[in-house]
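Protein chains in written order, with my numbering: chain P, 7 to 409; chain B, 20 to 206. In what follows, a structure is listed as structure tokens, so that the remarks can point back to it.
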Amino acid sequence: MATKRTIEMPVESIESMTLNMGPQHPSTHGVLRVVLHLDGEVVERAICHLGYLHRAKEKHAEHKTYHQFIPYTDRMDYLAPMSNNTGYVMAVEKALGLEVTQRCVYLRTLLCELARISGHLLWLGTGALELGAMTVFLWSFTQREKIYDIFEWICGARFTVSYMRVGGMSREDYPEWRRMVREFLDQYMAAHREFETMLNGNEIFLSRVVDVGTINGKDALQLGLTGPALRGSGINYDARKHTPYLAYEEFDWEVAVEDRGDCMARYLVRMKEMEESWKIACQALEALEKTQNERCNIDNPKIIFPPKENVKRSMEDLIHHFLLASEGFKVPPAEVYQAIEGPKGELGFFLVSDGGPKAYRLGVRSPSFINLQGLEKMSIGYTISDVVAIIASLDPVMGEVDR
Amino acid sequence: MEMISDVYRGFRSLLKGMGVTIRHFFRKPVTVEYPRERAVVSKVQRNAIVLIEKDDIGSHNCIACLQCEKICPSNCISITGSRKDGLAFKRPDTFDLNFALCSECGLCLDVCPTDTLGYSKQYDKAGYSREDFFYDLLDQWKATEETALGTLREIERKKKEEREARRKADAEAKAKAKENDDGDEKA
Ligand code: SF4
Ligand code: SF4
């Protein structure tokens, strides 16, 4: 005979409810799991659980030659592989003490900015989608598609580009390609204005983002946030301006900063950044056209593969080619840190070399990972539906969070 | 009163958005009607690797040097090769690609010394199992392998003759120079 049991439950444990959000939640941008402690619908704590996409990239770097690791960097922030490529090869170049050609610098600047636009377009599309605006998503993907075409026509791949090489590029740009970029840049601003009219005055959108997920500048700094998450809180820090690299010093542009620290501010920062990126890209394209007769890759067969025709003709080049292919180049013992401003924030590569053809240690400071620390601070006191908006405004890419 | 103004503002912003969307009705579609239309891919598109034909041989020119196998970050190439009669270089006996692992990074093309690797043009492969992506790159060259070997031997023989002829000429020139030198000394 069944006996009746009473379950005694302390009152406190009923008050706060624990809810798992993710890892398969569509609004968590991949496999992010957030454990929410809720009081009614209001968030008391938000604890991120990471590691679902961990692929041990940093460890891989110790077992692959410097060339072989380039494809791995694509798959960190897979929404802006060009920036990752650039950051990594720049770190290796720094360790080698290598100067790349001016033309290569312009090309990298152009591609990094296109990658930033494409990364922000995805954020814009999915962010708006999560807040209920379908149209912007489709339009932003139309634009992204064009950027992907540009990538495809220069390096052969749309998504995982693996385009940069230490000391240059895997292939050169050509006039038709530059015309293609020009076409894209010419029509882009009109589309950008459309996004703005769709969202800036949209009451539904505004009610979801204004005064939601506020964080002040001091907290943002202490948590180590970078990128739009930091600049949305009124701190003017951008690696492109404060530790200049590539050709950013030469060009005329501004850092986008907003003071309010809420989701709206982060939205505005990103929109402004896309405009600035567009400006930089236009200038970089011009600079590229001016230097079109110069070489793109450095002339050092010990680092970069010599042209195939030379390999067939000259014994010396053949030997260099063989050595590069079979064991890669050696990097003298060094410890370098190279930071670039990726679309998500400061993307740093810390490279320790022991003189061999493989890195002794490669540490990656990935902005998405560190920006996620701000999630709890931003979400406390807001409702679950606001958490969706906050995650969207942080724009984490899980491939980069877990590496 | 506040509610009315809220509704009014909401409605206005909605109409504004609609105004932008409606303009898109009159634009050309941006999509491609796949599969009735094929997408235009770039000339440099990276894809599964294939062995490409070299004009002077009528077949691929892989010398089974294993450079591509070695550099591949994903370990998806496996090659075995052996030396054939009358050839100075090896020829591959098997050349397998596990395309499921390939990241299309293009490093194998960079390292190939004979430039015999290229990308296939087919961009929409699909399969039901892993095995569907095990490619045998030599498949397409099996039929012509014998003739290719013949051509290669021919090329090899010609090269050898040329080398010999050059060596002979060199030796003669040297001998002549020596004679001259001797003559100079005597004089
Ligand atoms: S493209 Fe890259 S991953 Fe694919 S077979 Fe070549 S080296 Fe390997
Ligand atoms: S690198 Fe080229 S020649 Fe060498 S094994 Fe690979 S395909 Fe053949």
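We put the beta carbon where it would ideally sit given N, CA and C, even for glycine. Source: prediction; values computed, not measured.
{"Check": "With DSSP as the reference, please indicate the residues paired to Phe356 of chain P in a beta bridge.", "Outcome": "P:Tyr343, P:Gly369"}
{"Check": "So with Cβ pairs under 9 angstroms, would you call Asp3 of chain P a contact of chain B?", "Outcome": "The structure shown does not extend to residue 3 of chain P, since chain P is modelled only from 7 to 409, so the question has no answer here."}
{"Check": "With distances taken from CA atoms, which of P:Val172, P:Ile123, P:Lys308, P:Glu279 is nearest Val187 of chain P?", "Outcome": "P:Ile123"}
{"Check": "Going by CA-CA distance only, name the one from P:Met96, P:Gln228, P:Ser213 that's closest to Asp25 of chain B.", "Outcome": "P:Ser213"}
{"Check": "According to DSSP, is His43 of chain P helix, strand or coil?", "Outcome": "strand"}
{"Check": "Closest by CA to Ile90 of chain B, which one among B:Lys187, B:Ala167, B:Ala194, B:Cys127?", "Outcome": "B:Cys127"}
{"Check": "Grouping DSSP H, G and I as helix and E and B as strand, with all else coil, what is Cys118 of chain P?", "Outcome": "helix"}
{"Check": "Which one or two residues does DSSP pair with His248 of chain P in a beta bridge?", "Outcome": "According to DSSP, His248 of chain P bridges with nothing at all."}
{"Check": "With a threshold of 7 angstroms on Cβ separation, who are the neighbours of Thr170 of chain B within its own chain once the five nearest residues in sequence on each side are excluded?", "Outcome": "Ile76, Gly77"}
{"Check": "Between the stretch 372–386 of chain P and the stretch 53–60 of chain P, do at least 3 Cβ pairs fall closer than 8 angstroms?", "Outcome": "yes"}
{"Check": "Taking 9 angstroms as the CB-CB cut-off, is Ser372 of chain P touching chain B?", "Outcome": "no"}
{"Check": "Looking only at its own chain, which residues have a Cβ that is under 8 angstroms from the Cβ of Glu72 of chain B, when we skip the five neighbours before and after it?", "Outcome": "Ser78, His79"}
{"Check": "Report the three-state DSSP secondary structure of Glu281 of chain P (helix, strand or coil).", "Outcome": "helix"}
{"Check": "For Pro77 of chain P, does the three-state DSSP call read helix, strand or coil?", "Outcome": "helix"}
{"Check": "Per DSSP, what are the beta-bridge partners of Phe153 of chain B in this structure?", "Outcome": "B:Asn117"}
{"Check": "Using a cut-off of 9 angstroms between C-beta atoms, extract the partners of Lys35 of chain B located in chain P.", "Outcome": "Thr203, Met204, Gly207, Asn208"}
{"Check": "Below 9 angstroms on C-beta distance, what does Val51 of chain B contact in chain P?", "Outcome": "Those do not exist, as Val51 of chain B stays about 10 angstroms from chain P at its closest Cβ, beyond 9 angstroms."}
{"Check": "Less than 8 angstroms between the CB of Gly100 of chain B and some heavy atom of ligand 2, yes or no?", "Outcome": "yes"}
{"Check": "Give the range of the beta strand (DSSP E) segment to which Leu25 of chain P is assigned.", "Outcome": "22–27"}
{"Check": "Applying the criterion that 16 or more other CB atoms from any shown protein chain within 10 Å of the CB defines a buried residue, is Asn303 of chain P buried or exposed?", "Outcome": "buried"}
{"Check": "Of the residues P:Ala253, P:Cys269, P:Ile241, which one's Cα is nearest the Cα of Val261 of chain P?", "Outcome": "P:Ile241"}
{"Check": "Provide the residue span of the alpha helix (DSSP H) that contains Cys127 of chain B, from first to last.", "Outcome": "126–130"}
{"Check": "State yes or no: is the C-beta of Glu123 of chain B nearer than 8 angstroms to some heavy atom of ligand 1?", "Outcome": "yes"}
{"Check": "Which stretch, first to last residue, makes up the alpha helix (DSSP H) that contains Glu406 of chain P?", "Outcome": "404–408"}
{"Check": "Should Glu315 of chain P be listed as close to ligand 2, given that the test is whether its C-beta is under 8 angstroms from any heavy atom?", "Outcome": "no"}
{"Check": "Just the C-alpha distance for Asn117 of chain B and Ala287 of chain P, rounded to the nearest angstrom, thanks.", "Outcome": "38 angstroms"}
{"Check": "Could you give the distance in angstroms between the alpha-carbon of Gln30 of chain P and the alpha-carbon of Glu47 of chain P?", "Outcome": "21 angstroms"}
{"Check": "Check for me: the beta strand (DSSP E) holding Val49 of chain P runs from which residue to which?", "Outcome": "48–55"}
{"Check": "State the CB to CB distance for the pair Pro349 of chain P and Gly125 of chain P, rounded to an integer number of angstroms; the pair is presumed to be in contact (CB under 8 angstroms).", "Outcome": "3 angstroms"}
{"Check": "For Ile96 of chain B, name the three-state secondary structure that DSSP assigns.", "Outcome": "strand"}
{"Check": "What do you reckon, are the CB atoms on Trp284 of chain P and Leu191 of chain P nearer than 9 angstroms?", "Outcome": "yes"}
{"Check": "Helix, strand or coil for Asp112 of chain B, going by three-state DSSP, please let me know.", "Outcome": "strand"}
{"Check": "Give me the subset of the stretch 119–135 of chain B whose CB atoms are less than 8 angstroms from a CB atom of chain P, sorted by chain position.", "Outcome": "Ser122, Glu123, Cys124, Gly125, Leu126, Asp129, Val130, Pro132, Asp134"}
{"Check": "What residue from P:Ser176, P:Met270, P:Gly103 has the CA that sits closest to Ala398 of chain P's CA?", "Outcome": "P:Met270"}
{"Check": "In the DSSP assignment, find the unbroken beta strand (DSSP E) run with Gly209 of chain B in it and report its ends.", "Outcome": "Residue numbering for chain B in the displayed model covers 20 to 206; residue 209 of chain B lies beyond these limits and cannot be assessed."}
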